[in-house]
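Below is one structure, written out as structure tokens, with a few remarks after it.
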Amino acid sequence: NAGVTQTPKFQVLKTGQSMTLQCAQDMNHEYMSWYRQDPGMGLRLIHYSVGAGITDQGEVPNGYNVSRSTTEDFPLRLLSAAPSQTSVYFCAGQASPTVVLVETQYFGPGTRLLVL
Amino acid sequence: DAKTTQPPSMDCAEGRAANLPCNHSTISGNEYVYWYRQIHSQGPQYIIHGLKNNETNEMASLIITEDRKSSTLILPHATLRDTAVYYCIVRANNAGNMLTFGGGTRLMVKP
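Residue numbers (this note's numbering), protein chains in the order written: chain A, 1 to 116; chain V, 1001 to 1111.
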């Protein structure tokens, strides 16, 4: 049981390049989400998904796309990288968005992205 | 989700209790208080959550005031490995979006 995994761990991009950050979980989580973390700003929600085929925007969705073709995978795509997207990106999984008493999020180890 | 206020940083001696405060004066009746922490270069880790009663688990205790406008996370015997940023979050159980993290408290446990 690997939990929530993310690849790559580090990435350097040039402005205008595109790339996909991978996220996978083997815990049968219905709910998955992507956050970015910037110094002094905590975590900000980018996109989230309540199940396969369903995605929605979070606080800072501009410049990012997501898809959820399977329960296990939730990739985040940067369409045209900008220096403002330099950040640490975390993917998180959760069993259910509605059962509060057992609700916790399991975070992946993060992807550090530098856009030059 | 209600906003929370936490001190930006705190120090604690190793072996002593670490008491981390959080103000959430606009909390609604259906909102829970959650605590997470993030150790350097790792993803956030869930610690504990509660609605109005005090809670305890193997990691920590959560004390919520009677008016629910503030809470305290207690690490009873802090170790060097507890050095991390601690986030207090309030959230309703029917919220569509996931947890929104603020700036948190940077706890430094010193030998």
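Where is the CB? At the ideal position from N, CA and C, for every residue including glycine.
Problem - Beta-ladder partner(s) of Arg-1106(V), from DSSP - result: Ser-1009(V) and Val-1085(V)
Exercise for the section: Check the Cβ-Cβ distances between Phe-74(A) and every residue of chain V, and say whether any is below 7 Å. Expected result: no
Handout entry: Residues of its chain near Tyr-106(A), where Cβ-Cβ distance is below 8 Å and the 5 sequence neighbours each way are ignored
Key = Gly-3, Val-4, Gln-25, Met-27, His-29, Ala-92, Gly-93 and Gln-94
Practice task
Tell me whether the beta-carbon of Val-1033(V) lies closer than 7 Å to the beta-carbon of Val-1090(V).
Solution key: yes
Problem - Length of the line joining the Cα atoms of Phe-1101(V) and Asp-73(A) - result: 23 Å
Practice task
Following the continuous beta strand (DSSP E) through Met-32(A), name the residue where it begins and the one where it ends.
Solution key: 31-37
Problem - 7 Å Cβ cutoff met for Gly-58(A) and Leu-45(A) - result: yes
Problem - Through-space distance from Gln-1038(V) to Gly-1050(V), alpha-carbon basis - result: 19 Å
Problem - Beta-carbon gap between Gln-143(A) and Thr-111(A) smaller than 7 Å - result: It is not possible to answer for residue 143(A), since the shown part of chain A is limited to 1 through 116.
Handout entry: Endpoints, beta strand (DSSP E) assigned at Gln-1045(V)
Key = 1045-1050
Exercise for the section: Kindly indicate which three-state DSSP category Leu-76(A) falls into: helix, strand or coil? Expected result: strand
Practice task
Report buried or exposed for Glu-1058(V), applying the criterion of at least 16 other Cβ atoms within 10 angstroms of its Cβ.
Solution key: exposed
Exercise for the section: Give a yes or no on whether the minimum CB-CB distance between Tyr-1086(V) and chain A is below 7 Å. Expected result: no
Problem - chain V residues whose Cβ lies nearer than 9 Å to that of Phe-107(A) - result: Tyr-1036, Gln-1038, Gln-1042, Gly-1043, Pro-1044, Gln-1045 and Tyr-1046
Exercise for the section: Using DSSP bridges, identify the partner residues of His-47(A). Expected result: Trp-34(A) and Gln-57(A)
Practice task
Consider the Cβ of Gly-1103(V): report whether some Cβ of chain A lies at a distance smaller than 7 Å.
Solution key: yes
Problem - Cβ pair Tyr-64(A), Asp-56(A) closer than 7 Å - result: no
Handout entry: Within chain V, the residues that Thr-104(A) reaches when beta carbons sit closer than 7 Å
Key = Tyr-1046
Problem - Presumed contact (8 Å Cβ cut-off) between Ala-1092(V) and Ser-1028(V), rounded CB distance - result: 7 Å
Practice task
Determine the direct distance from the alpha carbon of Asn-1019(V) to that of Ser-1071(V), and round the result to whole angstroms.
Solution key: 10 Å
Exercise for the section: Check whether the Cβ of Phe-10(A) lies closer than 7 Å to any Cβ atom in chain V. Expected result: no
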